[in-house]
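Novice: Heads up: the sequence shown runs through residues 2 to 298, numbered per full-length UniProt numbering.
Heads up, the beta-carbon is just placed ideally off N, CA and C, and yes, glycines get one too.
This is the structure, below, for whatever I ask next.
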Amino acid sequence: NEIRFFCPATIANVTCGFDVLGLCLDTVGDEMVIRKTDDGKVSITRIEGQELPLQTERNVAGVSAMAMLKALGSSQGFEIEIYKKIKPGSGIGSSAASAAGAVFGINKLLGTPFSATELIPFAMEGEKLASGALHADNVAPALLGGFSLVRSYEPLDVIKLHTPGELFASVIHPQIEVKTADARSVLKHSVPLKKAIQQWGNLGGLVSGLYTENYELISRSLNDGIIEPLRSLLIPKFNQVKQAALDAGALGGGISGSGPSIFALSKGQVTAAKVAEAMAGIYAGAGVDFEVHISGI
Ligand code: HSE
């Protein structure tokens with residue numbers, strides 16, 4: 002009647018896959034405890050680590066849980082405790098971890114009426130509350146693990162992709178907050194055809210590189226000529242941090258989700274550690290406070 006579990010952080014977009022590609026971090030995330038109650042209500046009883054709303058309908062976990070219970074026609078009550086380690090506005094899927102966590106945990110306690118893929122639309126309701134946009138590129142990898150591709154939103158069609166075994170992520174978070182809604186408001190609504198061609202070429206190359214475990218192809222494909230030039234202006238020392246990661250041996254990298262975190266992918270944990278150190282060196286040298294993570298995928 003009670004479950005305690007890990008709610009993973011995620012990297013959305015992964016450069017060329019804006020709103021359609023995401024990956025799940027193995028070792029960075031929150032913890033959640035959910036237990037059944039007899040009162041027929043969904044209550045957020047405790048949040049540690051961050052100041053976030055406790056009211057069910059203002060909390061991403063609460064909204065996702067209610068969407069799921071409504072679809073089931075269930076009046077079972079639940080208490081949710083959230084131990085936040087992922088900072089909101091950091092760009093590694095803080096709201097998605099809570100939204101996906103709530104539906105994952107409740108689904109388990111109810112005897113798994115839904116598959117992991119079927120849980121995605123409920124978790125997206127939480128994302129909508131957080132950012133105003135129904136994007137799935139954080140909640141899908143949080144629920145499915147590894148890399149996920151949102152092939153289509155209408156109708157929703159999410160595909161779990163192959164994850165090469167030696168791929169590691171380094172993520173650095175300059176200690177500022179960028180709201181996803183603000184980072185979306187700087188984007189243009191039309192894309193020049195030439196840029197679109199480059200972007201879908203890279204996305205196809207990246208997916209192919211994941212399946213064939215071709216790290217050189219993954220490296221060539223990790224580019225974003227559409228979103229990064231606009232959003233990187235919101236991130237301190239973005240170009241220097243990215244360059245430091247590449248110089249230290251990263252395959253590639255860019256903005257994690259809507260930022261301000263910057264990520265890099267590397268082949269092997271040793272390289273990922275060197276890359277993290279090089280990225281940290283830029284912020285340390287510039288007096289920017291930061292937090293850095295290395296994780297498997
Ligand atoms: N794809 C979304 C965006 C992810 O970049 O706005 C937000 O984490």
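Figure out for me which residue from Pro165, Ile227, Leu194, Ser171 has the closest Cα to the Cα of Leu247.
Specialist: Measuring from the Cα of Leu247, the nearest candidate turns out to be Ser171.
Novice: Using only the heavy atoms of ligand 1, determine whether one of them is closer than 7 Å to the beta carbon of Phe239.
Specialist: No, the beta carbon of Phe239 sits no closer than 7 Å to any heavy atom of ligand 1.
Novice: Kindly confirm or deny that the region 206-216 and the region 116-136 touch, where touching means at least three C-beta pairs closer than 8 Å.
Specialist: Segments in contact, no.
Novice: Tell me, please, whether the region 54-72 touches the region 11-24 by the rule of three or more beta-carbon pairs shorter than 8 Å.
Specialist: As far as the Cβ criterion goes, the region 54-72 does not touch the region 11-24, which means the pair count is below three.
Novice: Any heavy atom of ligand 1 inside 7 Å of the beta-carbon of Phe19?
Specialist: Yes, Cβ of Phe19 sits closer than 7 Å to a heavy atom of ligand 1.
Novice: Given a threshold of 16 other Cβ atoms within 10 Å of its Cβ, counted over all protein chains shown, does His136 qualify as buried or as exposed?
Specialist: Per the 10 Å Cβ criterion, buried.
Novice: Mind checking which residues open and close the beta strand (DSSP E) that includes Leu110?
Specialist: Taken as a continuous stretch (DSSP letters only), Leu110 belongs to no beta strand (DSSP E), being part of the alpha helix (DSSP H) at 95-110.
Novice: So what does Ala273 bridge to, in DSSP terms?
Specialist: Answer by DSSP bridge pairing: none, since Ala273 is not bridged.
Novice: Name the two residues that bound the continuous beta strand (DSSP E) containing Gly23.
Specialist: It spans 22-38 - the beta strand (DSSP E) in which Gly23 sits, taken as one unbroken run.
Novice: According to DSSP, what are the bridge partners of Phe291?
Specialist: DSSP output for Phe291 lists Pro175 as bridge partner(s).
Novice: Please state whether the Cβ-Cβ distance between Gly147 and Cys25 is less than 8 Å.
Specialist: Taking 8 Å as the Cβ cut-off, Gly147 and Cys25 qualify as a contacting pair.
Novice: Looking only at its own chain, which residues have a Cβ that is under 6 Å from the Cβ of Ile263, when we skip the five neighbours before and after it?
Specialist: Taken in chain order, the residues that qualify are Ile173, Val242.
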